[in-house]
Amino acid sequence: MTDEQLMHLKVCGSNVQRYRRLLKGNLTEQEREFVERRLTEEQLAIQRLRTNGLVHGTSEIV
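Residue numbers (my numbering): 19 to 80.
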């Protein structure tokens, strides 16, 4: 996994944590739907980055 991919993985992880915190608060239905959609997108990005890193022969996973 490249340094750029590792950095992107860490940023995505931070975003996931932030979105989970937001979902614990009081949100309108529209806000909740937006945050849930963004959470799913970030989780998929993490999954892609991890898969891509493993495909390139490294086992380093954050």
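Glycine included, C-beta positions come from ideal geometry on N, C-alpha and C.
Exposure label - residue i; buried when at least 16 CB within 10 Å
| i | result |
| --- | --- |
| G43 | exposed |
| L41 | exposed |
| L62 | exposed |
| E60 | buried |
Short Cβ contact (8 Å threshold) for residue i with residue j
| i | j | result |
| --- | --- | --- |
| G71 | M25 | no |
| Q23 | L67 | yes |
C-alpha distance - residue i paired with residue j, whole-angstrom precision
| i | j | result |
| --- | --- | --- |
| V29 | R56 | 13 Å |
| N33 | I64 | 11 Å |
| L45 | T58 | 17 Å |
| E81 | L27 | Residue 81 cannot be examined here, being either before or after the span of the chain that is shown, 19 to 80. |
| Q48 | R39 | 17 Å |
| E51 | T69 | 27 Å |
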